[in-house]
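Novice: 407 is the number of the first residue of the sequence shown in my numbering; add one for each residue after it.
Don't be surprised by glycine CBs; every beta carbon is placed ideally from N, CA and C.
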Amino acid sequence: MIEGHTQRPQKVNMWAGIINNNIVGPFVIDGNLTGEIYFNMLTNHILPAVRALLGANFNAVWFQQDGAPPHYYLRVRNLLDEVFPNRWIGRRGTVEWPARSPDLNPLDFFLWGFLKDNVYKTKPANIEELTNRLLEEARRITPEMLQNVTAVGFYNRLAHCQQVFGEEFQHLI
407 MIEGHTQRPQ KVNMWAGIIN NNIVGPFVID GNLTGEIYFN MLTNHILPAV
457 RALLGANFNA VWFQQDGAPP HYYLRVRNLL DEVFPNRWIG RRGTVEWPAR
507 SPDLNPLDFF LWGFLKDNVY KTKPANIEEL TNRLLEEARR ITPEMLQNVT
557 AVGFYNRLAH CQQVFGEEFQ HLI
């Protein structure tokens, strides 16, 4: 058994996306995410991966992000305006994403919980092991799992959200 105690829990920051039945990334973030780091990730990793995945359909896709401060960085918003004109959802985007609304986001209601549950079945010995487990578990997610999450899970959640007129609906799931 491996035991370790630190005053500050060790953590790994990652970015991931879901498009159709595919995961984009995950991409490991070295340190804390800033607007400039996020801009560089979009430019050098995220957007090229999305383009490779979608090919000719790239210009039809919408990009969605939450209201995290790095996502609101001016260079990020300008980039999204340029790459996804009138096709991005987020703070000051074409469509505003409601603050603190993870209930309808598959990354929040599925991906991060799935990864955490599987990665922490046994405590990772160090950051490297934690990172490797996260990446390995992300690769285990099948297109069928994502189909169920996006086609069934999302629409069930959407129906519950409508039923309670946008109020809290977790108790209905």
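Report the three-state DSSP secondary structure of V558 (helix, strand or coil).
Specialist: helix
Novice: Who are the Cβ neighbours of L459 in its own chain at under 7 Å, not counting the five residues just before and after it?
Specialist: I425, N428 and V430
Novice: Are there 16 or more other CB atoms within 10 angstroms of the CB of W421, so buried, or fewer, so exposed?
Specialist: buried
Novice: Since P476 and L439 should fall inside the 8 Å C-beta cutoff, what is the C-beta to C-beta distance between them, to a whole number of angstroms?
Specialist: 5 Å
Novice: Report the rounded CA-to-CA distance for R563 versus Q553, giving the unit in angstroms.
Specialist: 15 Å
Novice: Specify the secondary structure class of I579 as computed by DSSP and reduced to three states.
Specialist: Residue state, collapsed to three classes: coil.
Novice: Roughly how many whole angstroms lie between the Cα atoms of A526 and L536?
Specialist: First, the residue type needs correcting, since residue 526 is Tyr and not Ala in the sequence shown. Approximately 9 Å between the Cα atoms of the pair.
Novice: Do you know offhand how far R539's Cα is from E574's?
Specialist: 33 Å
Novice: What does the alpha-carbon distance come out to for the pair G548 and G572?
Specialist: Correcting the residue identity first, residue 548 is Thr in this sequence and not Gly. Spanning the two alpha carbons is a distance of roughly 31 Å.
Novice: Going by DSSP in three states, I547 sits in which element: helix, strand or coil?
Specialist: coil
Novice: Taking 7 Å as the cut-off, decide whether the C-beta atoms of F498 and W468 are in contact.
Specialist: First, the amino acid is wrong: residue 498 is Arg here, not Phe. No; because the gap between Cβ atoms is not below 7 Å, this pair is not in contact.
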